Every structure is written in structure tokens, then in C-alpha cells.
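Chemist:
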Amino acid sequence: MLHDSRSITVNDYEKEVTVEGWAQEVRNLGGISFLILRDRYGVVQITAPKKKITPEIMQAITSLSRESVVRVTGTVRASAQVKSGYEIIPSALIVQSPSATPLPMGVVDKVDVEMDTRFNHRYMDLRKPEVRSIFEIKSLTMRLIDEYLADNAFVEIFTPKLVASGAEGGSTLFKVDYFGKVAYLAQSPQLYKQMLMSTGLDRVFEIGPAFRAEPSDTARHVSEFISFDGEMAHIDSQEDVMAMIEGCTQFVISEVKERGARALEMIGSEVVLPKAPYPILSYEKAVGMVQGAGFKIELGEDLGTEGEKLLGDLMAQDGNEMYWIVEYPEEAKPFYIMEKDGTPYSYSFDLDYRGQEISSGGQREHRYDRLVQRMEKKGLELSSFEFYLNSFAYGMPAHGGWGLGVERMVQKMLGLPNIRETILFPRDRNRLVP
Ligand code: AMO
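If you number the sequence shown the way our numbering does, the last residue is 442 and the count never jumps.
As C-alpha cells, then:
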């Protein structure tokens, strides 16, 4: 079994180990050479004093190009000069895969590399521990969501990503040729998770890809993201749904702090557990707050990126990182959201995290006739939604749910400037490769 930089302990001192990694740095000082080998967990120092090693090993080290993959067998020696407390004196060294030169970008160099260059050479960018660790946190986040929802009796579902009609508006649909028919990439599992509410599977969730042909080139939009969707039946109001999300986000963030401590240190992120319960602002109140701070917006309009940021700053003044905005104008919300009768508003919510929407949802219109009315009002072609509407005609309980952009949440939790930092191979208007 190979050792790695994390598994070598004082118990291995004076013993022989084999390690493998990338040649991060080679220093040749004549009588002695040093090779810094990087693996997933850190680095090990290979110390090669000319007098104690074979000429072949010396030759291999001195001619090694940076980032080559090397396997080294040697004896572990305590060393006060090395941060880890030990070094390895090599008795065998194999270059498993030499690296070409020059490198397309540096791994340890402290120069700022353009984002495009980084994403063009993502395999190299991800060799940086601070970049790679983001994906350990993202993976942990997914596991924690699973754990929380399983504990709350949710069933994990997988809905089609090739669909015949879009639920989130026509402007962001990606068209696909489906055996000669028009199909689309799913913008969300909306229609399917709602249909399941009529079956007795009364709490479902899905974590899966969602596709949006977003024309905007921003730090928060991509054309493929991971959506964490939930839907719950037999609710009294949308507050039941909000309580579930709030419980989940608090659980995820506190456990990430705990279980992700090592990765967080690598990234250099200090995660703060938001103050709970999250304050609830009505849409009207939120608009009033940003207007009060000099922002130009009329009632009925969307807060937009700038409005959301400003609201985030205002909420931060009282130490609130996460907050709800509820009761948006029904006109601004999709057909499946329930109207608040006698008002221009709706039973809907957004969850904002430090000035950025990370989730939205609400109570759904479960009454067949009202749903049809609402779809007609929105100008939808009812025949395209027959499969969906049918599930409302034979007994559909009151229900509500949410969609939460996992990458937006991870981005905000880690304090990263751009959503793309949380996606291995991001897709946007300008990028389809790698
Ligand atoms: P919505 O369209 O608001 O709602 O999307 C839900 C959440 O998904 C994330 N998101 C995105 N993340 C990155 N890039 C994008 N282009 C992008 N678009 C959306 C956001 C957003 O809050 N069906 C409803 C949810 C529901 O009511 O259940 C929906 O999709 O974090």
C-alpha cells in the first residue's frame, strides 16, 4: 500500500515507505537535491544527499520537470527543518509520467492567472489545493443535504432531463432534437415533483442538473447548475416549506464548519453560521428598504442583482446573512405559484444569502380550475401541459416546495467571488469546452 502525505506518522520514522505525487518543486544544490512531492493531502519532502543515494536517482531528480508524476520509495527520517517534521531519503524513484514543458500555467506560483486560462487548463488549475478543496466542500454539502432530508422522511427522486415542455419560461430553454421531435433540456424538475404530490410520495427531493440558456454573463448565472429541489404535500402554508429549508441550510452550514474544517482551512474560508431564525421580509418591505437607501425601483419590479446586493448590505448591518423575501407580486412568479387572493401578491418566497438569491419556491396552486386559469393568464399552451394537469384532476393535496442552487449556496458559504469557482467544468454562453 502506498503512503500519502497525510498517512505518514512518527510510527513510520526510520521505516521504508512508498509515496506518489506530482513534482511540485525541485531544488538542486550540488551536494544535495530536494524534491517536493505533492499529493491530494499536502506535500512530502524527498531529500537526496548525493553521498547517500545512487547516481541514477540523483540523475532522475536533477532532470525532473515540474508536475511530472513520480513514485518514490525511501526511508522516513525526522527533520526539524521540514514543516511536516520528516523527510524521505530515496532508495528508488520511478518517473511514472513526465510532464511536458513549459507548463500552461503555474500551480504554486503566486501570479494571478486569468479565469479563462484557468478554465481552459482546469486539470492543472485543480492541482492547487485551495481550488480542489472547494469540491470536497461541495461533495460534503450534497451528502449533508441527503442526510438531513432522509432524516425528515424525504424520498430521493430522479426526474427526466429530456423533456417536452419547460416550466420556467420559454426564454431559457435549450432545444434538443429528440428522434425528429422537439425536446428541451430540463430547466427544473418542477412539473414532475409536483405530479408526485398526487401519489402519496408526499415528500420528495432531487439533486440534479438543471439547464438554463441564460443570456446574461454574470458571476451568478451559468447554463448548467445543480438544483436541489424539494416538494412537500399536506402543508398548511408555505411556512412549513420555509422551516424545512431553514433547518436544512443551518444543518449543512454548521456541519460543513465541523466536518469540512481541513478543506476550509485549505481554501482560506471562514464559514459563519447564519443567525436563525432567518428574518422574513415582505417583498414590499424589501423594496422599501432599498428605496430608502437611494436605490431606484418601483413596487412590482424585480430587485435585480444590484437591489439584491444592496439589500444584503442592509441586512448585514444587523448581522443577518440569510433572510427570506416573501409574497412577491403574483405577476412576477411562475404559473404554478398560488395567488394571494384580494392582493397583487403570491404565496412565494426567495431565500437570499449575503445579497444573492440562493433559493425560491412557495405554495403551489393545487386547485385544478385555478391552475388552469393561471396558466391561461400566463399565455401557456394547455395542451403542452396535459400530462401535468391530469395529475391535478383526480385528487391533489395542498403542497409547496423549493429549488435551491447548490453552487450559489456553496459560493456564498465560502465567500467566493464567482459561481464558476464551485463548478468543475462550468458551462456558460462562452464555454462548452472542456
Ligand atoms: P428558480 O428559477 O428561481 O426556481 O431557480 C431556483 C434556484 O436555482 C438557482 N439558479 C441558478 N443557478 C445558477 N445559474 C443559473 N442560471 C440559475 N438559475 C437558477 C438559484 C435559484 O434560486 N422551479 C422553481 C423552484 C421551485 O419553485 O420549486 C425554480 O426553478 O439559486
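Glycine residues also receive a C-beta, built at the ideal position from the N, C-alpha and C atoms.
Since this is a predicted model, take the numbers as computed values, not measurements.
#1: Exposed or buried, what is MET9 when buried is set at 16 or more other beta-carbons lying within 10 Å of its beta-carbon?
#2: Are the CB atoms of LEU422 and ILE145 nearer to each other than 8 Å?
#3: Around the Cβ of HIS407, are there at least 16 other Cβ atoms within 10 angstroms (buried) or fewer (exposed)?
#4: Per DSSP, what kind of secondary structure is MET113 in: helix, strand or coil?
#5: Which complete alpha helix (DSSP H) runs does the region 367 to 407 hold, if anything under 4 residues is left out?
#6: Would you say the beta carbon of PHE233 is closer than 7 Å to some non-hydrogen atom of ligand 1?
#7: Would THR313 and THR226 be called neighbours here (beta carbons separated by less than 8 Å)?
#8: Please classify LEU37 as buried or exposed, where buried requires at least 16 neighbouring CB atoms within 10 angstroms.
#9: Is it true that the CB of VAL334 sits closer than 8 Å to the CB of SER368?
#10: How many whole angstroms separate the CB atoms of GLY50 and SER15, which I take to be in contact at a CB cut-off of 8 Å?
#11: Between ASP237 and ligand 1, is the CB less than 7 Å from at least one heavy atom?
#12: Look at the alpha carbon of VAL163 and the alpha carbon of TYR156, and state the distance between them as a whole number of angstroms.
#13: In the DSSP assignment, find the beta strand (DSSP E) that holds PRO98 and state where it starts and stops.
#14: Whole angstroms are fine: how far does the CA of ARG362 sit from the CA of PHE433?
#15: Measuring alpha carbon to alpha carbon, tell me which residue in THR62, VAL190, TYR94 and VAL279 is nearest ASN19.
#16: Note down the Cα distance separating GLY409 from MET205, rounded to an integer number of angstroms.
#17: What residue range does the alpha helix (DSSP H) around ARG416 cover?
#18: Does any heavy atom of ligand 1 sit closer than 7 Å to the C-beta of GLY188?
#19: Does the Cβ of GLU239 have 16 or more other Cβ atoms within 10 Å, making it buried, or fewer, making it exposed?
Modeler: According to the structure data:
#1: As a working note, residue 9 is residue 1 in the sequence shown. Answer is exposed; the Cβ neighbour count stays below 16.
#2: If you number the sequence shown from 1, residue 422 lands on position 414. If you number the sequence shown from 1, residue 145 lands on position 137. Yes; because the gap between Cβ atoms is below 8 Å, this pair is in contact.
#3: Position 399 of the sequence shown, counted from the start, is the residue given in the question as residue 407. With 16 or more other Cβ atoms within 10 Å, it is buried.
#4: On the sequence shown, position 105 is the one that residue 113 refers to. In this structure, MET113 counts as coil in the three-state DSSP scheme.
#5: 376 to 385 and 394 to 398
#6: Locating residue 233 in the sequence shown gives position 225, counting from the first residue. It does: the Cβ of PHE233 is within 7 Å (strictly closer) of some heavy atom of ligand 1.
#7: What you label residue 313 is simply residue 305 of the sequence shown in a count that begins at 1. What you label residue 226 is simply residue 218 of the sequence shown in a count that begins at 1. For THR313 and THR226, yes; Cβs fall inside 8 Å.
#8: Locating residue 37 in the sequence shown gives position 29, where the first residue counts as 1. Result: exposed.
#9: For this step, residue 368 is matched to residue 360 along the sequence shown. For this step, residue 334 is matched to residue 326 along the sequence shown. No, these two residues do not count as a Cβ contact at 8 Å.
#10: Here residue 50 refers to the residue found at position 42 of the sequence shown. Here residue 15 refers to the residue found at position 7 of the sequence shown. GLY50 to SER15, Cβ: 11 Å. No contact.
#11: Position 229 of the sequence shown, counting from 1, holds the residue named residue 237. Because some heavy atom of ligand 1 lies under 7 Å away, the Cβ of ASP237 counts as near it: yes.
#12: For the purposes of this step, residue 163 is taken as residue 155 along the sequence shown, with counting starting at 1. For the purposes of this step, residue 156 is taken as residue 148 along the sequence shown, with counting starting at 1. Using only the alpha carbons, I get a separation of about 11 Å.
#13: Walking along the sequence shown from the start, residue 98 turns up at place 90. 94 to 105 is the span of the beta strand (DSSP E), which, as asked, contains PRO98.
#14: Taking the first residue of the sequence shown as position 1, residue 433 is located at position 425. Taking the first residue of the sequence shown as position 1, residue 362 is located at position 354. Spanning the two alpha carbons is a distance of roughly 25 Å.
#15: For the purposes of this step, residue 19 is taken as residue 11 along the sequence shown, with counting starting at 1. The residue with the shortest Cα to Cα distance from ASN19 is TYR94.
#16: One-based indexing of the sequence shown puts residue 409 at position 401. One-based indexing of the sequence shown puts residue 205 at position 197. In a straight line, the C-alpha of GLY409 is about 10 Å away from that of MET205.
#17: On the sequence shown, residue 416 is found 408 positions in, with the first residue counted as 1. Segment 414 to 422, the alpha helix (DSSP H) holding ARG416.
#18: One-based indexing of the sequence shown puts residue 188 at position 180. No - ligand 1 has no heavy atom lying nearer than 7 Å to the Cβ of GLY188.
#19: By one-based count along the sequence shown, residue 239 stands at place 231. Classification for GLU239: buried.
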